[in-house]
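The sequence shown begins at 4 in this note's numbering and counts up by one.
Virtual Cβ for every residue (Gly too), placed ideally from N, Cα, C.
Following: one structure in structure tokens, then a few remarks.
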Amino acid sequence: MLYKRSSTLDRAAAGHDRRARARSNPSLVLAVILVTQLMVVLDMSIVNVALPSMQTALGFSPSGLSWVLNAYTLAFGGLLLLGARTGDLMGRRRTFLAGIAVFTVASLLGGLATSAGWLVVARAAQGAGAAFAAPATLALLMSMFAEGRPRTRALGLYSAVSVSGAAIGLLAGGMLTEWLSWRWVMWVNVPIGAALMVAAAAVVAETPRHSGRFDITGAITSTAGMTLLVYGFVHTATAGWADPTTLGGFAAGAALLSAFVVVEHSAEAPITPLGLFADRTRSGAYVARLLMFASLAGMFFFLTQFLQNVLAYSPSETGLAFLPVTVALFTGSQVSARILVERFGDRLVMIVGTTTSAVSLLWMTQLSVGSSYLSLLGPLVLLGLGNGAAIVPLTSAGLAGVEPARAGAASGLVNVSQQVGGSLGLAVLVTVFGAARNNAAEQPSAGEGPSEQATLLFVSGASAAFLAAAVLLAATVAVVGLVIRHRPSAPA
């Protein structure tokens, strides 16, 4: 009897030891982090190729269709800071599991949508779940890998997934839409999310919980303010800058964001410790990341339409067309993390990388109705290499020197700058596209039918949008060169 009890205790102890070893294995935790980040990031782009099918199936209006993208990015970016704060207070493993659960259920329900409103709400719920999972993953990475070469290499993989996720989403979205149905761009997350929850429960250890309060007022004012600001830009594309609704959206958004800053100054436990902005390197890194992803989101949006509307590519062909930029993004990030940053320093790598990306977008302004895919190949590879090289030191600059207790807030700001940049950038570039297209429509033309005329107008608008995206990247170069210092950031 004593022998059996002893054997049982030994087996229990051995099982506990195996779980403890699994939870202390950085490679296993990093795998969970990378798969989570890939799923969260690619869901911003995986629906792009499926948008025409969604419009036909659910009766979206042309302007309403944009909210399939905006509902996700705005909920994601607007709630990221609250998600980061929740991880600090409640424990990052617990917060991560809750976020993935919400994301997975929302994906299931979104694939079952029978109306436009249903799908938009499901996309917003996906964004909310991602907002609680994403900052927890980056904070876990920061706690698992010491600052220096181990963290730089881990951040290199994380950054590669972050910047290539959008391109992978376009590839996967095209294949799923053409081979199965648009609903599978939502349902594909269900088995992945379920597997992540099981893996995280097994290999991720809980972090210490901190005492404090939730800043609900700050979360509401920041989310509503950004939503109204983006709405103002989107509405401008169809109604113009002088429209009362446009002006009202801008005014209300600016007022709420101003209120957010006031609230954070006086809040006992702000979701955004304003001390994180005290260091110019960190602040510059947040602004530069916002501008970079603003240009990147617009590039994917318009190139997707160029490939389908001008080159007459199928959804799967459109996805495959982005494979070179995906490979270039991954290659650039790995070379940057393993060689360039150590040899030349983070600031120089950021400047050269963003400059290279700006040149690629200027190259894209030369696309015309007669262009072929070969005309796109050079700019795509150049853009991937430039952004991939720059994103690794840019991520490190936004996180260096942050105290462990504020790692969640800092990682939340890194993700916020990325998501908000994508939303604002897409809204701004759509506005530029609309203005250029309208100007081209006013010019006299002869000899073209309605289809040819529509294609010419799209190319005119897209060229203007690419030029505006290049300007955003030029501003990124200026921020890096003038604001970010070549030194580790001071503790916040």
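Compare the Cα-Cα distances from residue i to each of the options and report the closest residue.
{"i": "Gly86", "options": "Arg154, Val164, Asp218, Gly381", "result": "Asp218"}
{"i": "Gly235", "options": "Ala430, Ser269, Asn390", "result": "Ala430"}
{"i": "Val1", "options": "Glu445, Asp91, Thr479, Gln311", "result": "Any property of residue 1 remains undetermined from this structure, which presents the chain solely from 4 to 495."}
{"i": "Ala478", "options": "Arg97, Ile354, Leu54, Leu45", "result": "Ile354"}
{"i": "Thr368", "options": "Ser466, Asp91, Gly381, Glu181", "result": "Ser466"}
{"i": "Arg126", "options": "Phe148, Ile49, Trp366", "result": "Ile49"}
{"i": "Val38", "options": "Ala74, Ala136, Leu343", "result": "Ala136"}
{"i": "Arg154", "options": "Val423, Phe436, Leu402", "result": "Leu402"}
{"i": "Arg88", "options": "Leu470, Ala222, Pro247, Leu293", "result": "Ala222"}
{"i": "Tyr289", "options": "Val486, Val207, Ala315, Ser363", "result": "Val486"}
{"i": "Leu199", "options": "Arg285, Val105, Phe253, Phe148", "result": "Val105"}
{"i": "Leu92", "options": "Phe63, Leu260, Ala116, Pro138", "result": "Pro138"}
{"i": "Thr458", "options": "Ala413, Val483, Phe309", "result": "Phe309"}
{"i": "Asn51", "options": "Ala472, Glu181, Val417", "result": "Glu181"}
{"i": "Val352", "options": "Val330, Ser375, Ser363, Gly391", "result": "Gly391"}
{"i": "Ala257", "options": "Val480, Val233, Ala245", "result": "Val233"}
{"i": "Leu294", "options": "Asp46, Leu259, Asn418", "result": "Asn418"}
{"i": "Phe304", "options": "Phe253, Gly172, Thr398", "result": "Gly172"}
{"i": "Thr220", "options": "Arg283, Leu260, Thr239", "result": "Leu260"}
{"i": "Ala3", "options": "Gly287, Gly130, Ser269", "result": "The question about residue 3 has no answer here: the residues shown for the chain are numbered 4 through 495."}
{"i": "Val483", "options": "Leu470, Ala157, Ser56, Ala393", "result": "Ala393"}
{"i": "Val474", "options": "Leu365, Glu455, Thr59, Ala254", "result": "Leu365"}
{"i": "Ala53", "options": "Gly322, Gly90, Met147", "result": "Gly322"}
{"i": "Gly62", "options": "Gly437, Gly120, Leu77", "result": "Gly120"}
{"i": "Phe347", "options": "Ala331, Ala109, Gly132, Pro396", "result": "Pro396"}
{"i": "Asp46", "options": "Gly176, Leu122, Arg96", "result": "Gly176"}
What did DSSP end up calling residue i once you bin it into helix, strand or coil?
{"i": "Glu345", "result": "helix"}
{"i": "Ile274", "result": "coil"}
{"i": "Asn28", "result": "coil"}
{"i": "Gln456", "result": "helix"}
{"i": "Trp185", "result": "coil"}
{"i": "Glu267", "result": "helix"}
{"i": "Ala245", "result": "coil"}
{"i": "Val207", "result": "coil"}
{"i": "Gln422", "result": "helix"}
{"i": "Gly373", "result": "coil"}
{"i": "Phe148", "result": "coil"}
{"i": "Ile354", "result": "helix"}
{"i": "Ala157", "result": "helix"}
{"i": "Ser118", "result": "coil"}
{"i": "Gly487", "result": "Residue identity differs from the one stated: residue 487 is Ile in this sequence, not Gly. In this structure, Ile487 counts as coil in the three-state DSSP scheme."}
{"i": "Arg126", "result": "helix"}
{"i": "Arg440", "result": "helix"}
{"i": "Thr368", "result": "coil"}
{"i": "Val105", "result": "helix"}
{"i": "Val191", "result": "coil"}
{"i": "Leu141", "result": "helix"}
Please indicate yes or no: does the CB of residue i lie closer than 8 Å to some heavy atom of the ligand GDP?
{"i": "Gly113", "result": "The ligand GDP is not among the ligands present in this structure, which contains no ligands whatsoever."}
Worksheet item: Given 8 Å as the limit, is there contact between the segment 356–372 and the segment 179–198, that is, 3 or more CB pairs closer than that?
Response: With a cut-off of 8 Å, the segment 179–198 and the segment 356–372 do not count as touching, because too few Cβ pairs lie within range.
message = Under 8 Å: do the segment 456–464 and the segment 435–446 share three or more Cβ pairs, one atom per stretch?
response = Three or more pairs of CB atoms, one per stretch, sit closer than 8 Å, so the segment 456–464 contacts the segment 435–446.
Note to self: Ignoring anything shorter than 4 residues, give me the alpha helix (DSSP H) runs that lie fully in the segment 282–330, in order along the chain.
What the structure shows: Segments of the alpha helix (DSSP H) lying fully in the segment 282–330: 283–308, 318–324.
If you scan the segment 37–97 from start to end, which runs of the alpha helix (DSSP H) of 4 or more residues do you find wholly inside it?
-> Whole alpha helix (DSSP H) segments, 4+ residues: 54–61, 70–93.
Three or more C-beta pairs closer than 8 Å, one from the segment 98–113 and one from the segment 68–79: is that the case here?
By the Cβ rule, the segment 98–113 does not count as touching the segment 68–79, because fewer than three pairs are nearer than 8 Å.
Flag this pair as touching only if the segment 378–393 and the segment 138–155 have three or more C-beta atom pairs under 8 Å; answer yes or no. Too few Cβ pairs lie closer than 8 Å, so no.
- Query: Between the segment 419–434 and the segment 193–202, do three or more beta carbon pairs fall short of 8 Å?
  - Reply: Judged by Cβ distances under 8 Å, the segment 419–434 makes no contact with the segment 193–202, as fewer than three pairs qualify.
Using 8 Å as the cut-off, can you tell me whether the segment 338–348 makes contact with the segment 74–84, which would need three or more C-beta pairs spanning the two stretches below that distance?
Touching, no, given that fewer than three Cβ pairs across the two stretches are closer than 8 Å.
inquiry  = Count Cβ pairs between the segment 195–205 and the segment 31–47 that sit closer than 8 Å; are there 3 or more?
reply    = Note that the segment 195–205 touches the segment 31–47; at least 3 beta-carbon pairs, one per stretch, sit closer than 8 Å.
Hey, is the segment 288–304 in contact with the segment 416–427, meaning 3+ C-beta pairs nearer than 8 Å?
Short answer: they touch.
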